[in-house]
Every structure is written in C-alpha cells, then in structure tokens.
Amino acid sequence: AAPPRPVSSRARRRETAVRRRPAQVVVKFNALPGVTAQFAAHGTSDLEKAAALKALDWPDKTDGYTHCLLVIADDAAALKRYLHSEFHLKDWMDAVKPYRPPASKSPRRGIVSLTSRGRRRGCD
9 AAPPRPVSSR ARRRETAVRR RPAQVVVKFN ALPGVTAQFA AHGTSDLEKA AALKALDWPD
69 KTDGYTHCLL VIADDAAALK RYLHSEFHLK DWMDAVKPYR PPASKSPRRG IVSLTSRGRR
129 RGCD
C-alpha cells in the first residue's frame, strides 16, 4: 500500500485562513471556567482527513464538514455556561456562518452538536 499523503503547504495555508476567526472565539471558550475547547481540520497534525481515515480504517462520518469543534466541560454546570454564553450563541455562530453548507447540499440545517450522552442536537 502507498504511504499516507502528507498535508500540503497549500492545505496548511487554507487551514490557517479558515481557522483564524473561529480560533479567536475558541480562545474565549477556553476562558470559561471548566471548559476546554479546540477547533481543527478533520484529520491529524500529520495526515489529511482521507489519509487519516484510511490509516485508522474508519468511515468518513463528517457529512461534508471539514473542521471540528471539540468542547470538553468539567461538569454539567460548565457545559451549561458554555452553551448559554454569548461566545457560543453569538460569536461562534457568527464565526462559522460563512462556512455552513447551503441547505440544499446538506440534509441537516445548521451545525450538529453531540451531548455527553451522544444525543444529537441541531443548532442554528
């Protein structure tokens, strides 16, 4: 089998441009007590998404999305602070709005989030 394809410099530049505004909001998320957040392209630091999925022998479940926001809350109170904060409700939604797929290209409207119990919830 061919070795996994490394991330190109063009892909890294695009990644930097896409991440800039959402990354600024993630800094605000990390200022919330009990909340740790990160925003990154699907894949790993060394492999693009397709190569990472192949290396992991894992199906693509990204539904066309290219990036992922991971938020870890220490407890239910911290999760509630995050979900109801202006950082999430206003700043984050404004930051990702330009990157949302058109409704005609995705069966889901908006952004999909998962709770700690794995229940899906759509957010607009």
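Under the working numbering, the residues of the sequence shown are numbered 9 to 132, in order.
The beta carbon of each residue, even a glycine, is placed where N, CA and C say it ideally should be.
Just so it is clear, the structure is predicted and the values come from calculations on it, not from any experiment.
- For the pair Pro106 and Phe47, the Cα-to-Cα distance works out to about 16 Å.
- For the 8 Å CB-CB criterion, Ala103 and Gly42 do not form a contact.
- The shortest C-alpha to C-alpha distance from Val35 to any of Ala60, Tyr73, Val79 and Leu64 is the one to Val79.
- Between the alpha carbons of Asp54 and Arg89 lies a gap of roughly 34 Å.
- The DSSP assignment places 57 to 64 and 84 to 92 as complete runs of the alpha helix (DSSP H) inside the segment 46 to 103, in order along the chain (cut-off: 4 residues).
- At the C-beta level, Val33 and Asp99 come within 8 Å of one another.
- Nearest C-alpha to His75 among Ala63, Thr52 and Ala86: Thr52.
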